[in-house]
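A short worksheet on the structure shown next.
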Amino acid sequence: MTDLAIIGAGGFVGTRLVESLVLDGRPGIRPIVRSYRNLAGLCRFGSTIDVRLADAEAVDSLAEALAGVRTAVNLTNGAPAGILRSTRTIFEACRRAGVPRLVHLSSAVVFGDVERPTGDDAAPVDKHWMPYARAKATSEVWLRSRLRESGPEVILLRPGIVWGVRSLHTLDIVKALAARRAYLVDDGRGIFNGIYVDNLVACIRAAADARGQAPGFYNVGDRERVTWREFYDAFAGALECDTARLPRVSGEKFPHSVRSSVDTIQSLPLVNELYHRMKTHIPDGLKASLKSRLEGGYEYGRVGGRYVEQPSVDRELWHLQRVAHKLPIDKFATTFRFSQPVSFHEGVQRTLAWLDTIGVGAAAVHAS
Amino acid sequence: MSLRILVVGCGAVAQRLYGQPLQQLEKAGLLRVAGLVDPVASHAAAMRSRFPSATTHADAASALATTRPDVTMVLSSAHLHAEHTLLALQAGSHVLCEKPMAQTSAECGRMTAAARAANRILAIAMIRRFFPAFAQFKALIESGRLGTLRAFEYREGHKFEWDVTTPAAFRRRHEGGTGVLFDIGPHALDHLAWTFGPLSVVDYADDALSGIESNLTMRVRSTRCPGSIQLSWDNPLTNELRVTGDRGEAVLRIDRFDQLAIRESDGWAVIPVTADFPADLAAAGGRRLSPRSYVQAMSCQIVQVLRSIVLGEAPAVDGESGRRTIAALEAGLASAVPLEMPWLPQRERQAFAQLHWNHTR
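Respectively, the protein sequence lines represent chains A and B. According to this note's numbering, the first sequence is numbered sequentially starting from 1. According to this note's numbering, the second sequence is numbered sequentially starting from 1.
Here it is as structure tokens:
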């Protein structure tokens, strides 16, 4: 029997999960990807893994790819309009293929700004502004209704911001710090509800390997309570950036700009669906030109000279920095006897090591 | 005069990169696409929607015999480049061969010998030679404005998003896969050798276990300065070529057509990009173009091949230049060691070193 199928294995978390399993010598790993291009990050593992091609929105092909699997992990992360469809399809394909357990990755974003203490079994916030959050929330509601039905045992994991090595989110923050265009909302007092990527991978493995039944919804995150200011400080030193000099942004009212207006329009349900359908058809030249305009000027130096005074504020980051409470993670730790393998400090050190190798870390700063 | 074109391989490269510029050049009367070859009928049919008068074929040999092209564009999977190029040259056709030229320098040698024997042009497609910022960056380096060069750093990588129609690139090397080395590597090494002079590989490391690499690093020497190269199919790199000299520093953005800047004593300054290339077959005084898109750059590249045939100009990249690039890539592979990944836990690093392809073979 195949031990573990990873649906959506071509992404940032998926490739790291596959890597950790392979380097641990685990046999029976079956990554499942939608298209050939998703093999680019997996091809290095060669015959140590059993890659299958299947569409997460097509029950028949997915059920075939899941045949003989003990646990399926859903790491798919496509356009918001497809998230509920793929959630349903994956559940149904697992049921048809007789897969005993499904580990489903949701997101803590379903709780919005976490304005009050929020437990693992709380309902997602209503009418979230972000299409991705709305889709994840709808999928959670649908999966909750399936917990007592026949089919795979569902273990739903709800990570916060997945940060660390190869995280585009972390890279964006580090680049903003290096270019001196980062900012802090409410002086950075908000809670950074994050999970280091290797800790998330360990959570997934713990859920997949657990003996006995443990269906349910679980928040997962780093155990340390970290504020956004502390998160920025962890990287700013290596980039010779003084976070005390970063501009402060009020958390009372979102400061609108051209970029945020584009984000707002793009987040409207119909526009968002159309955008995701059309984006592959936009000519490369036009795409690059639009991207350049929205990005603003390129920072050719490795570190910026002056600290920006009027930052361009990203709506998603503004909301994330307003998070008021740390999500509890005790339920997962107790149920799965889980102990976080990588401390926040160690995660930062590993991430800095990675940043150095890609030319944006301390070594790059000193080279400049 | 309209040259007859045969397109061998109608997958993603043909459809996304060549289809539109060929169609535009056909409309302009510079060429006529006479035949389309692909064993997958739907791929050939997708291209035929642009060229209704072209005939479609399942194999290159019969297409060459039927269409008798002036130029064959070899756009097939990388492991078939040598076979298709040799067939075309033997049939008396000039060739524009997509990168990588072939899988080994020995194959490249046979291709260049066949071109000489047939007295035909063998051009290697290196579209970035027609990115105006790249041409100006080369001129900047040659001008000596940066003083004595110390080193360059070349980084190119992001999540692979090319919508390939086959898994060929991802197979193991002996099964015809390219890996990132033979995918982005030819672009990088051709560009760097063109800019800094002939390259020799000092060391090479990659991340392949029993498969083919997604990430690699190389250190190289050129006639002007040493340098480092980092390529990735899944790691978000800076996508820059950065060179430092004793009088300044310059940065070229690898994923853009028109973005380069120089830092001298008074800080960074963006350099206006105006370099242009011939856009027709006029011997002198014809139309020129400063490309800002892949379609425009590809159009200039195809025009340059046509000018080589019609006007006797040199192709931008000839077979011998292509062979040197492949030889450098081979030299890297021959010295492969496991890539340093200091962010991995110690036990994973040890396991990776044990499982690396060059350790286990």
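Yeah, the Cβ is synthetic: ideal placement off N, Cα and C, and Gly gets one too.
Give a yes or no on whether the minimum CB-CB distance between residue 134(B) and chain A is below 8 Å. no
Selection from 30(B), 43(B), 127(B), 148(B) that minimises the alpha carbon distance to residue 245(B): 148(B)
Threshold first: 4 residues or longer. Then list the alpha helix (DSSP H) segments lying entirely within the region 300-324 of chain B, N to C. none
Using a beta-carbon distance below 8 Å, is residue 338(A) in contact with chain B? no
Please state the DSSP three-state secondary structure of residue 100(A). coil
Return helix, strand or coil for residue 132(B), following the three-state DSSP convention. helix
Count the other C-beta atoms from every protein chain shown that fall within 10 angstroms of the C-beta of residue 345(A), then say buried if there are 16 or more, exposed otherwise. exposed
From residue 238(B) to residue 147(A), what does the alpha carbon distance come to, in whole angstroms? 45 Å
Let me know the secondary structure DSSP gives residue 30(A) once reduced to three states. strand
Rounded C-alpha distance that separates residue 25(A) from residue 47(A): 13 Å
Every unbroken alpha helix (DSSP H) within the region 290-335 of chain A, with a cutoff of 4 residues, ordered by chain: 315-320, 330-335
Whole-angstrom distance between residue 204(A) and residue 58(A), CA atom to CA atom: 24 Å
Residue 303(B) and residue 96(B) closer than 8 Å at C-beta: no
For residue 232(B), three-class secondary structure by DSSP: strand
Please list, in chain order, the chain B residues whose beta carbon lies closer than 9 Å to that of residue 231(A). Here the premise fails: no neighbours, minimum Cβ distance about 18 Å.
By the 10 Å Cβ neighbour count, where 16 or more other Cβ atoms means buried, how is residue 340(B) classified, buried or exposed? exposed
Residue 74(A) by DSSP, collapsed to three states: which one? strand
Contact check, residue 286(B) vs residue 263(B), beta carbons under 8 Å: no
Shortest alpha-carbon distance to residue 331(A) belongs to which of 298(A), 149(A), 156(A)? 156(A)
Same chain, Cβ closer than 6 Å to residue 233(B), five either side skipped, listed in chain order: 160, 180, 214
Are the C-beta of residue 44(A) and some C-beta of chain B separated by less than 8 Å? yes
Mind checking if residue 238(B) is an interface residue toward chain A, Cβ cutoff 8 Å exclusive? yes
Under a Cβ-count criterion, where at least 16 other Cβ atoms within 10 Å of its own Cβ denotes burial, should residue 265(A) be classed as buried or exposed? exposed
Return helix, strand or coil for residue 142(A), following the three-state DSSP convention. helix
Does the pairing of the region 205-225 of chain A with the region 316-334 of chain A give three or more beta-carbon distances under 8 Å? yes
At a CB distance below 9 Å, what residues from the region 191-219 of chain B approach chain A? Give them in sequence order. 206, 207, 208, 209, 210, 211, 212, 213, 214, 215, 217
Determine the closest residue to residue 266(B) out of 349(A), 301(A), 135(A), 141(A), with distance taken between C-alpha atoms. 301(A)
Segment contact flag, the region 309-323 of chain A with the region 182-191 of chain A, C-beta cutoff 8 Å, min 3 pairs: yes
Which partner residues of residue 123(B) appear in the DSSP bridge assignment? 96(B), 318(B)
With a cut-off of 8 Å, does the C-beta of residue 23(A) fall near any C-beta of chain B? yes
Any chain A beta carbon closer than 8 Å to residue 274(B): no
Once DSSP output is grouped into helix, strand and coil, what is the label at residue 21(A)? helix
Just how far apart, CA to CA, sit residue 420(A) and residue 196(B)? For chain A, the structure presents residues 1 to 368; residue 420(A) sits outside this window and is missing.
Identity of the residue in 313(A), 341(A), 366(A) nearest residue 183(A) by Cα: 313(A)
Taking the runs of the beta strand (DSSP E) that are 3 residues or longer, which of them lie wholly in the region 182-236 of chain B? 200-206, 215-221, 226-232
If you check the beta carbons only, do residue 20(A) and residue 83(A) fall under 8 Å apart? no
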